[in-house]
Ligand code: DQA
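In our numbering, the protein residues as written are 85 to 228.
Take a look at the structure:
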């Protein structure tokens, strides 16, 4: 089983970006964490990050045939992007929407997600563990 882990805008700045909200771990540490969990689960992960909405749309659209699930932190695009929502709906791969922070305890504009209605599951507020839970969930679902 291969899982595509996608991180959206500004997540390349993890570690220095609002550490009180997002923690001090860097993007490469987050990706290493995902790789470690994947090894434990006997699955494969490929991690990518982009600040560009269209690139995320392309990666999601090209995922079928290469990946069996997606872990998606679309970051700010979560709250704005019909295009990413439509890409997730189109590919019909089980997708877990993840957030490092608890978006529901933050500003009201973060409470709205265009992705949640097409996601298989949503994990928000557990830092790196949000990604770990998403990978564990997809691996378990794949075995059902
Ligand atoms: C985020 C939450 C979003 O509201 C924000 O725009 C991000 C990161 C998170 O992981 O907590 O960039 O997706």
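Cβ atoms here follow ideal geometry from the backbone N, Cα and C, with glycine treated the same way.
Excluding five sequence neighbours on each side, which residues of the same chain lie with their C-beta closer than 7 Å to the C-beta of residue 187?
Around residue 187: 194, 195, 208.
Counting contacts by CB-CB distance shorter than 8 Å, is residue 209 in contact with chain C?
Absent from the structure: chain C. Only one protein chain is present.
Where residue 158 and residue 130 are concerned, what is the direct C-alpha to C-alpha distance, given to the nearest angstrom?
If I take the Cα positions, the gap works out to 16 Å.
Rounded to whole angstroms, what's the CA-CA distance from residue 176 to residue 210? Just pull it up for me.
Their Cα atoms are separated by approximately 26 Å.
Among 149, 141, 152, whose alpha-carbon lies nearest the alpha-carbon of residue 172?
Residue 172 has its Cα closest to that of 141, out of 149, 141, 152.
Exposed or buried, what is residue 149 when buried is set at 16 or more other beta-carbons lying within 10 Å of its beta-carbon?
It is exposed - the Cβ of residue 149 has fewer than 16 other Cβ atoms within 10 Å.
Going by DSSP in three states, residue 179 sits in which element: helix, strand or coil?
Of the three classes helix, strand and coil, the one that applies to residue 179 here is strand, per DSSP.
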